[in-house]
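Single-structure report; data block below.
Number of protein chains: 4
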Amino acid sequence: LIEDVKTHIFKRVVNYHETDAMGIVHHSNHIKYFEEARVDFLRAKDILHEHSPQGPYSFAVIRLQTEYRKPARFPDQLEVHLQAHSEGVRVRFRYALYRSTVDHGLELLATGDTELAALGPNGKVARLPQSMTEIFTQTGWQGSWPPPQS
Amino acid sequence: LIEDVKTHIFKRVVNYHETDAMGIVHHSNHIKYFEEARVDFLRAKDILHEHSPQGPYSFAVIRLQTEYRKPARFPDQLEVHLQAHSEGVRVRFRYALYRSTVDHGLELLATGDTELAALGPNGKVARLPQSMTEIFTQTGWQGSWPPPQS
Amino acid sequence: LIEDVKTHIFKRVVNYHETDAMGIVHHSNHIKYFEEARVDFLRAKDILHEHSPQGPYSFAVIRLQTEYRKPARFPDQLEVHLQAHSEGVRVRFRYALYRSTVDHGLELLATGDTELAALGPNGKVARLPQSMTEIFTQTGWQGSWPPPQS
Amino acid sequence: LIEDVKTHIFKRVVNYHETDAMGIVHHSNHIKYFEEARVDFLRAKDILHEHSPQGPYSFAVIRLQTEYRKPARFPDQLEVHLQAHSEGVRVRFRYALYRSTVDHGLELLATGDTELAALGPNGKVARLPQSMTEIFTQTGWQGSWPPPQS
């Protein structure tokens, strides 16, 4: 469905321990899903070894925004679609969280946007190595988000 | 320090299980702190019995924004300052998270803003009873956030 | 390595949000890993549709035991090996948590044991349908745990 | 109700984000409640400053056992009763989790038992300073657990 090759796709199921008494995924877990998608992206691009504790770099989230459209439920199959964008010592990620079903395809549940500061081995803000910023730039950043579904 | 009587104050410590490998509170926990402050506010205003499962109403978070300025650490003493504002079937809350120390008073760590939809017993969007909306209105909403510290 | 066909194997990575300030996976997360392995087992055996909210049954943990041998760390690749055993209205599960690496194969990190009570649609203890108990019996239960590695 | 002066009591409410789709507190949170009670005990005994990151010592959980008798629910008022016992480089803690209500007093929900290894500044197993072991010994260890209620 999603044509944009610059979008990274991370798949995972909803775990029972992520639900709350309303029978839906607690809204704090979407923040964890987004982080998992970021890490999966670094892994897919083969730059996770630059990240702490294997490498010297880590990322501190400095701004976060989420819009919740529909609840996720146990045991939904989820997809997080992600785009990255390097801006100096900061990296921005955008996310679209979908429920994936055989009958209805992808159903948009939430969108997110985070801004992260790159930290060096001393915990201070650091400029990232070219191997990382290149990846973030290649991933691109398109005009509208979430990407339109065809 | 904070003069505004319309601001609700919720105090709690950082728990060890909320830290991450950077030695700081993981950014998803701020979302939980804000929720705890909301519930504490309902309790303080004596309207928690209207909330599920004791009462018929619950709240679904539909938008969330957080800015992280400084990390919280174990075992910091925290304060969440909160303001509420009723807008039809939606309620907005603003938060300011502080570290409280004897030497430095309150130190601003993060701010947050959430918009919630009130849900009735059937899980559908509902108009809240006057007992609740009155409380939200009384709490007020001031021009700047976080409140200036004197 | 593990020859026993009766053992279910669930794989997942350590997420960053599961680490704590000691730089290791917080010990409460092992409990979540075990639950995820149980659900993955039900899915693999095609009986997850009997589980709430899709089906009428759910499980309440009534006893839990864990031994922690070595810490798990971000971004370890993990395997949970699981055995199930039906005992009337109770189901017992045993778990062995391993780190999986190319160089060292499987390294035992922790073991666990849980006893669960089957609950029916009304939340009361219930006898499970034969489709479920048969699966639990087939999975078997061997003498020693964790299984010896060859 | 509880006469034993050697038992430390930690109070806290159930948070909404700790519930699951069964409408009860997810069983992994009891592990967090026990940890919070341990930290509260160290704070009450004025030895938390010996604990990382303020001091050189930390504790790794090496064994954990929990029995779940009745579910905790939002927004229950809870009490964790705790006893500590120093055994060389290991410390054992026992817990009893109660719901506290005006009408029914204390209602036992769960019991727990953990064994922890004391770690020094280098992350290696360490002998604790006398200031800590004395406290653990003073807390005592009585024959039956949970303590009988009068």
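Residue numbers (my numbering), protein chains in the order written: chain A, 42 to 191; chain B, 42 to 191; chain C, 42 to 191; chain D, 42 to 191. Ideal Cβ placement from N, Cα and C applies to all residues, glycine included.
State the CB to CB distance for the pair E76 (chain D) and R53 (chain D), rounded to an integer number of angstroms; the pair is presumed to be in contact (CB under 8 Å).
E76 (chain D) to R53 (chain D), Cβ: 12 Å. No contact.
What is the C-beta distance between G153 (chain B) and Q106 (chain B), in whole angstroms, given that I count them as a contact (C-beta under 8 Å)?
Contact holds; Cβ gap of about 7 Å.
Tell me the rounded alpha-carbon separation between H49 (chain A) and D87 (chain A).
Roughly 13 Å between the two C-alpha positions.
Going by the CB atoms, is the gap between T142 (chain B) and A62 (chain C) shorter than 7 Å?
No, they are not a contact pair.
Since L157 (chain A) and F100 (chain A) should fall inside the 8 Å C-beta cutoff, what is the C-beta to C-beta distance between them, to a whole number of angstroms?
Right, their Cβ atoms sit about 4 Å apart.
Within 7 Å of any Cβ in chain A, is that where the Cβ of H6 (chain B) sits?
Given a span of 42 to 191 for chain B in the structure shown, any question on residue 6 (chain B) remains unanswerable.
Expressed to the nearest angstrom, what Euclidean distance is found between the alpha-carbon atoms of G184 (chain B) and R168 (chain C)?
Between G184 (chain B) and R168 (chain C), the C-alpha separation is close to 60 Å.
Give me the Cα-Cα distance between H90 (chain C) and V66 (chain D), rounded to the nearest whole angstrom.
The straight-line gap from Cα to Cα measures roughly 23 Å.
Mind listing which residues of the segment 71-103 of chain A have their C-beta closer than 7 Å to chain C's C-betas, in chain order?
Correct list: K73, E76, E77, V80, L89, P94.
Any beta-carbon of chain C closer than 7 Å to the one on D61 (chain B)?
Closer than 7 Å to some Cβ of chain C, the Cβ of D61 (chain B) qualifies, so yes.
Once DSSP output is grouped into helix, strand and coil, what is the label at K165 (chain A)?
Looking at K165 (chain A) - three-state DSSP - the assignment turns out to be coil, as it is neither helix nor strand.
When we look at the beta-carbon of R218 (chain A) and count the other beta-carbons within 10 Å, is it buried (16 or more) or exposed?
Residue 218 (chain A) is absent from the structure shown; chain A starts at 42 and stops at 191.
Could you tell me which residues DSSP pairs with R135 (chain A) in its beta bridges?
The partner list for R135 (chain A) (beta bridge, DSSP) reads A:Q124, A:D154.
Rounded to the nearest angstrom, what separates Y98 (chain C) and G146 (chain B) at their Cα positions?
Roughly 52 Å between the two C-alpha positions.
At which residues does the alpha helix (DSSP H) containing H20 (chain D) begin and terminate?
An answer regarding residue 20 (chain D) cannot be provided, because it is not within the stretch 42 to 191 covered by chain D.
Just verifying my parser: in three-state terms, what is the DSSP assignment at L42 (chain C)?
Its pLDDT being 45, under 50, L42 (chain C) is placed unreliably by the model, and the measurement read from it follows with that caveat. Note: L42 (chain C) maps to coil in three-state DSSP.
List, in chain order, every chain C residue whose beta-carbon is nearer than 7 Å to that of G161 (chain A).
Near G161 (chain A) there are no residues of chain C at all, since even the closest Cβ is about 17 Å away, more than 7 Å.
Which two residues bound the contiguous beta strand (DSSP E) that contains E108 (chain A)?
Start and end: 99-109.
Once the 5 residues before and after H92 (chain B) are set aside, which same chain residues still bring their CB inside 7 Å of it?
Closer than 7 Å at the Cβ level, and outside the excluded window around H92 (chain B), lie L83, Y98, S99.
Which residue from A:G96, A:F134, A:W182, A:R110 puts its Cα closest to that of S172 (chain A)?
With distances taken between Cα atoms, S172 (chain A) lies closest to A:G96.
Using a beta-carbon distance below 7 Å, is G64 (chain C) in contact with chain B?
Output row for G64 (chain C): interface = yes.
Between R135 (chain D) and L119 (chain D), how many whole angstroms is the CB-CB distance? I'm expecting something under 8 Å.
Wrong, their Cβ atoms sit about 16 Å apart, outside the cutoff.
Using a Cβ-Cβ cut-off of less than 9 Å, give me the residues of the segment 123-137 of chain A that come near chain C, in sequence order.
Result list empty, no residue passes.
Report buried or exposed for N70 (chain A), applying the criterion of at least 16 other Cβ atoms within 10 angstroms of its Cβ.
Per the 10 Å Cβ criterion, buried.
Among B:V102, B:R133, B:R110, which residue has its Cα nearest to the Cα of F177 (chain B)?
Comparing Cα positions, the closest option is B:R133.
Quick one: what's got a C-beta closer than 6 Å to P162 (chain C)'s C-beta in the same chain, skipping five residues either side?
Counting only Cβ-Cβ distances below 6 Å, and skipping sequence neighbours, we find P97.
How big is the Cα-Cα spacing for V121 (chain A) and T155 (chain C)?
Answer to the nearest angstrom: the Cα atoms are 32 Å apart.
Any beta carbon from chain C within less than 7 Å of H49 (chain B)'s own beta carbon?
It does not: the Cβ of H49 (chain B) has no partner Cβ on chain C nearer than 7 Å.
Report yes or no: is there a C-beta of chain D within less than 7 Å of the C-beta of I43 (chain B)?
At I43 (chain B) the pLDDT is 46, less than 50, meaning the model places this residue with poor confidence; the figure from the coordinates comes in the next sentence. It does not; no Cβ of chain D falls within 7 Å.
Is R79 (chain D) helix, strand or coil by DSSP?
Helix at R79 (chain D).
Which class does R114 (chain A) belong to by DSSP, given the choice of helix, strand or coil?
Three-state result, R114 (chain A): coil.
Please tell me whether M173 (chain D) has its Cβ less than 7 Å away from any Cβ of chain A.
Output row for M173 (chain D): interface = no.
From P188 (chain B) to A125 (chain B), what distance separates their C-alpha atoms?
Cα to Cα, P188 (chain B) sits roughly 14 Å from A125 (chain B).
Report the neighbours of F115 (chain C) on chain A: residues whose CB is nearer than 8 Å to its CB, in chain order.
In chain order: P94.
For A158 (chain B), is the beta carbon positioned less than 6 Å from some heavy atom of the ligand NAP?
As presented, the structure is devoid of all ligands, the ligand NAP included, so that no description of it is given.
Is P149 (chain B) near R110 (chain B), with beta carbons less than 7 Å apart?
For the record, residue 149 (chain B) in the displayed sequence is Leu; it is not Pro. Contact: yes.
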